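Q: Dropping a structure here in C-alpha cells format, bear with me for questions.
In our numbering, the protein residues as written are 11 to 657.
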C-alpha cells in the first residue's frame, strides 16, 4: 500500500494454513528499490494456527537471509534467569530474560556461531564460530565478548579446507573441542591444543556429524558421532573412557540431540536414555502412522520423532516429541508436545502441547541430522523453551487449574432478547456462567472476537463479542451461519483454558422483541421517539417502532459478521406480521409499514407498525406483542415477554 509518506506491506492469512494446527513453512519476500540508499532487509512471514486456549507463546527471532543459518544452540543460565541462543545468521548470541519474557541486547561474537558452552562456575560462555578458526570468550557479568581462544599456527595449504570448531563442551578440566575435520582438542587457559589419541577411541578423528554436551557441573562430557557411537569424557582423568555404539544401522529419525543428567546419572541420545556406562536403558519407542488410500489404508511403523532433549533433574528429563508423518502430504491433526519423562520407567509424568514444531519435517523412517540442543527447561520444571520455526517457543509445563476454567451454566446460552434457547443466523445471544472473562465492552466496530481475555467459538468459528463480564457474554451469531447444530466454547485467552462445549441449534428464524431489565419492551412512538407506556399508550392510526432480534435474512446488501448494517442500500424484510393481543383474533393484527435491519447497528431489526381502526384495546392490562416471520412466532411465554398498552 503506497501512501504519500511511506509504502506499507499488507499480508493476509491464507485460509489453507488453518487446515492444521501449528506453523506453516515461512515465506521470504525480497524487497528491492532502485532508489534505496541502503540494503532493504527481506521480510519473513510465518502463518500460525492455534487454539485460543493453547498455552504458551511464540517469540519471533530474526535470523538473516541465509536458509542454511538460524538458531543453532541454546544454553540456560539459571543463576541469572537467562537463555543464551546462538544465532548463526546474524553472528551473535541472543539473550532472553525468562522473568520478563523478553530479549535483552544481543552479544556480538565471531562469524557463524554454531555451539555454546557455559562454564561450571556460570561466569563465562564459550562460543564456537564455524566461519573461521575462532572460539569467542564471553564475560556474562559484562555481557560482552572479552577475548578469543588462541589456536596454534599451522602451515598454509590452499588445497585443504579451513579447520573450524564444530562442537564444544565446558568441563572441570577446561573446554573440550571437536573440530570440523573430526579431531579432538582441549583448551588450557586461553590456548587450544590437539588431544592425544584416546585409548577408548583409538583414532585421531570421529566421523561427522558430531554433537556434544556436558553435565551441569562439568564432571563428564558426552560426544556423539555420525555413525551411532557415543564417547564419554571423564574430567577426573582428563580422558575419554568409554566408546559404545548406542544407535545401530539403519539410523532413523532425528539424529544428533544429546543431553547429560546431573553428575552423569544418565545421558540422552536422540530418543534413548543411557546409564552411566552409556548402555541404553529406555527408548521413546515406535509409533504407527496410517496413509489413506483408495479403498484401503497403509499402516507403517516408524520411530517416534524426538526433535530435541534436555536434562531436567536427577530422575527426570524433557523431550520434544513431534507427530509422526507417513508422507509429507498427510494432514497432521496432532500437536508437538513437550514430555517430562521419568528416567527409571521411561513414562511421561507431564505432557504439555506446544504451538509449533521445527522447520524440518521428518517423514516416515528417514534420517534428519539436527542440532545438539534445541530446548532448555527451568529448574522448577514449570516452563520449557524450545527453538522452533518462528524462533523461541515458550511452553508452560504447569497445568491450568480447574478453578480458572470458564463454566457455562446449564442451558446458559439464550436468545439475547427472550432469554430462551431460540437462535437464528445474525441473531444476538447471551451466555451466562462463571469465570467467563474480564469486564470489558466493545469500543467500536468491527466487533472484536477477543474481548476481556475471552474468545467464543461456534464450531471453531470465532463470534463477534459485544460485552464480556465474569458472569455474562453478549455475542453475535454470524449472518452466514446455517440452520444446524453448533458447538459453543468459551475460551479463556488469559488462563489458556476452555469451557466444556454446549450445543445450540440454529433455525432460519428466531424472532424476539428486545426487553430491558425493567421488563419494558423496546417499543417507541414513531413521532417523538418516546417509549410506549401505560400513561402514553399506542393510539389508533398512529405508528410505533419495535426493535427486535432474530428476524432472519434480509434483502439488500451483504451483511458481514461484527460489522454494522450499511445505510445504503437498506436491508429489508417482507414476510413480517405483528400482533397486539392474541394472534387468533384478526383485530390483533397490526399494519406493518416497514421491517429490516437498523443501519449502523449489529443484529438489531426494526419493525414499523400502525395501529388500525379495528384493534384490541388494553382495558386495564397490557397486550402481549407477537412478531411472526416466516411462519415462526416470537415467544408467548418466558422470562421476557413484551407487552404494550393500546388505547
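Note that the Cβ used here is the ideal one computed from N, Cα and C, for glycine as well. Just so we're clear, the structure is a prediction, and the values are computed from it rather than from any experiment.
Please state whether the Cβ-Cβ distance between residue 522 and residue 498 is less than 7 Å.
A: The criterion of a C-beta distance shorter than 7 Å is not satisfied by residue 522 and residue 498.
Q: Restricting to runs no shorter than 3 residues, where is the beta strand (DSSP E) found entirely within the stretch 264 to 320?
A: 268 to 270, 277 to 279, 282 to 284, 290 to 293, 296 to 302, 307 to 313
Q: Under 8 Å: do the stretch 235 to 255 and the stretch 281 to 289 share three or more Cβ pairs, one atom per stretch?
A: Enough Cβ pairs lie closer than 8 Å, so yes.
Q: Is it true that the CB of residue 441 sits closer than 7 Å to the CB of residue 405?
A: Taking a C-beta distance under 7 Å as the contact criterion, residue 405 and residue 441 do not qualify as a contact pair.
Q: In terms of DSSP beta bridges, what is residue 643 paired with?
A: 638
Q: Indicate whether the contact test is met: 3 or more Cβ pairs, each with one atom in the stretch 210 to 229 and one in the stretch 259 to 278, closer than 8 Å.
A: yes
Q: Check whether the stretch 209 to 218 touches the stretch 161 to 173, counting contact only when three or more Cβ pairs, one atom from each stretch, lie closer than 8 Å.
A: no
Q: Helix, strand or coil, according to DSSP, for residue 596 in the structure here?
A: helix
Q: Of the choices 629, 556, 337, whose alpha-carbon is the least far from that of residue 545?
A: 629
Q: For residue 75, count the other beta carbons within 10 Å of its own beta carbon; 16 or more makes it buried, fewer makes it exposed. Which is it?
A: exposed
Q: Hey, could you find the ends of the beta strand (DSSP E) residue 249 is sitting in?
A: Taken as a continuous stretch (DSSP letters only), the beta strand (DSSP E) holding residue 249 covers 249 to 255.
Q: In terms of residue numbering, what span does the beta strand (DSSP E) encompassing residue 94 cover?
A: 92 to 97
Q: Quick check on the DSSP output: the beta strand (DSSP E) that includes residue 517 runs from which residue to which?
A: Where residue 517 is concerned, there is no enclosing beta strand (DSSP E), given that its DSSP letter is neither H nor E.
Q: Return helix, strand or coil for residue 413, following the three-state DSSP convention.
A: helix
Q: Hey, which unbroken runs of the beta strand (DSSP E) at 3 residues or more fall wholly within the stretch 493 to 568?
A: Annotation note: the stretch 493 to 568 contains the following uninterrupted beta strand (DSSP E) runs of length 3 or greater, listed N- to C-terminal: 495 to 502, 512 to 515, 533 to 535, 553 to 559.
Q: Sorted by chain position, which residues of the same chain lie with C-beta nearer than 7 Å to residue 57's C-beta, five sequence neighbours on each side aside?
A: 23, 24, 27, 33, 34
Q: Indicate whether the contact test is met: 3 or more Cβ pairs, each with one atom in the stretch 543 to 559 and one in the stretch 457 to 468, closer than 8 Å.
A: Fewer than three pairs of CB atoms, one per stretch, sit closer than 8 Å, so the stretch 543 to 559 makes no contact with the stretch 457 to 468.
Q: Could you tell me how far apart the beta carbons of residue 481 and residue 539 are, in whole angstroms, since I believe they sit closer than 8 Å?
A: The pair is not a contact, with the Cβ atoms about 32 Å apart (cut-off 8 Å).
Q: With a threshold of 7 Å on Cβ separation, who are the neighbours of residue 566 within its own chain once the five nearest residues in sequence on each side are excluded?
A: 579, 580, 581, 582
Q: On a CA-only basis, which of 350, 187, 136 is nearest residue 232? Give me that one, please.
A: 187
Q: Using a Cβ-Cβ cutoff of less than 8 Å, which residues in the same chain neighbour residue 648 once the five nearest sequence positions on both sides are dropped?
A: 428, 429, 430
Q: For the structure I just gave you, are there three or more beta carbon pairs, one from the stretch 127 to 140 and one from the stretch 109 to 116, closer than 8 Å?
A: no
Q: If you drop the 5 nearest sequence neighbours on each side, which residues of the same chain put their C-beta closer than 6 Å to that of residue 201?
A: Within the same chain, and ignoring the five residues on either side of residue 201 in sequence, the residues whose Cβ sits closer than 6 Å to its Cβ are 160.
Q: Alpha carbon to alpha carbon, how far is residue 596 from residue 560?
A: 25 Å
Q: For residue 127, which of helix, strand or coil comes out of DSSP?
A: strand
Q: Is residue 427 helix, strand or coil when you go by DSSP?
A: coil
Q: Could you give the distance in angstroms between the alpha-carbon of residue 148 and the alpha-carbon of residue 298?
A: Near 46 Å, if we compare the C-alpha coordinates of residue 298 and residue 148.
Q: Between residue 356 and residue 295, what straight-line distance do the alpha-carbon atoms span, to the nearest angstrom?
A: 10 Å
Q: Helix, strand or coil for residue 46 per DSSP?
A: coil
Q: Rank 626, 588, 450, 368 by C-alpha distance to the C-alpha of residue 643 and give the top, closest one.
A: With distances taken between CA atoms, residue 643 lies nearest to 588 out of 626, 588, 450, 368.
Q: Which residues does DSSP pair with residue 615 in a beta bridge?
A: 558, 607
Q: Helix, strand or coil for residue 26? Go by DSSP, reduced to three states.
A: helix
Q: Thinking C-beta only, is residue 375 closer than 7 Å to residue 265?
A: no
Q: Determine the contact status of residue 368 and residue 347, defining contact as a CB-CB distance below 7 Å.
A: no
Q: Which residue wins for smallest C-alpha separation from residue 383, given the options 422, 436, 317, 439?
A: 317
Q: Pair every Cβ in the stretch 89 to 96 with every Cβ in the stretch 114 to 126, then say whether three or more of these pairs are closer than 8 Å.
A: yes
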